[in-house]
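Engineer: First the structure, which I've put down as structure tokens, then a few questions once you've had a look.
Numbering (UniProt numbering), first residue to last: 1 to 137.
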């Protein structure tokens, strides 16, 4: 896609600090990292969100995400990683990307920054589970 910055990175017309480049995707440093070493992993083809990635591409893409999630702590000495993706809401670039953020206990990142809500009852929770389950078949 011509106006997609991530497609530009794939094509080589937009500079990036690449950490990995495979047929399944590319990993590069986020220009505004949560912590230094924050990597974005993207598929080579333009897909806007996770649900647009074809089933045959999922295994390779997530193997790449998994490999980056293993490499970040090994390379940087962090204790682990935070792996996340947004789909449409809060997605700053409309090209599927997975964040792999180095984490160390006491690093100052405090969980999620949105309010949590309880279900009113077990019945309400069961209703939500049933509705989602029906969509999954």
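C-beta atoms are modelled at their ideal positions from N, C-alpha and C, and glycine is treated no differently.
If you scan the UniProt domain "HIT" (5 to 110) from start to end, which runs of the beta strand (DSSP E) of 3 or more residues do you find wholly inside it?
Structural biologist: Runs of the beta strand (DSSP E) spanning 3 or more residues and lying entirely within the UniProt domain "HIT" (5 to 110) occur at 18 to 22, 25 to 29, 39 to 42, 80 to 84 and 98 to 103, in chain order.
Engineer: Determine the closest residue to residue 58 out of 2, 120, 72 and 41, with distance taken between C-alpha atoms.
Structural biologist: In the chain shown, residue 58 corresponds to position 58, counting from 1. The option with the nearest alpha carbon to residue 58 is 41.
Engineer: Can you tell me whether DSSP reads residue 137 as helix, strand or coil?
Structural biologist: The residue given as residue 137 occupies position 137 in the chain shown. In this structure, residue 137 counts as coil in the three-state DSSP scheme.
Engineer: Among 131, 65, 122 and 108, which residue has its Cα nearest to the Cα of residue 83?
Structural biologist: Counting from one through the chain shown, the residue named residue 83 turns up at place 83. Checking every option, the nearest Cα to that of residue 83 belongs to 65.
Engineer: Please work out which residues of its chain come closer than 6 Å, Cβ to Cβ, to residue 48, disregarding the five sequence neighbours upstream and downstream, and give them in chain order.
Structural biologist: The residue you call residue 48 lines up with position 48 of the chain shown. Cβ within range, chain order: 94.
Engineer: Would you identify the three-state DSSP class for residue 2, choosing helix, strand or coil?
Structural biologist: Within the chain shown, the letter at position 2 stands for residue 2. DSSP places residue 2 outside both helix and strand once states are collapsed to three, so it counts as coil.
Engineer: With a cut-off of 8 Å on the beta carbons, I'd call residue 9 and residue 28 a contact; round off their distance for me.
Structural biologist: Taking the first residue of the chain shown as position 1, residue 9 is located at position 9. Taking the first residue of the chain shown as position 1, residue 28 is located at position 28. Between residue 28 and residue 9 the Cβ distance is about 6 Å, and since that is below 8 Å, they are a contact.
Engineer: In its own chain, which residues sit with a C-beta less than 6 Å from the C-beta of residue 104, not counting the 5 before and 5 after it?
Structural biologist: Position 104 of the chain shown holds residue 104. Closer than 6 Å at the Cβ level, and outside the excluded window around residue 104, lie 78 and 79.
Engineer: Give the straight-line distance between the Cα atoms of residue 133 and residue 124, rounded to the nearest whole angstrom.
Structural biologist: Position 133 of the chain shown holds residue 133. Position 124 of the chain shown holds residue 124. Looking at the two C-alpha atoms, the distance is approximately 14 Å.
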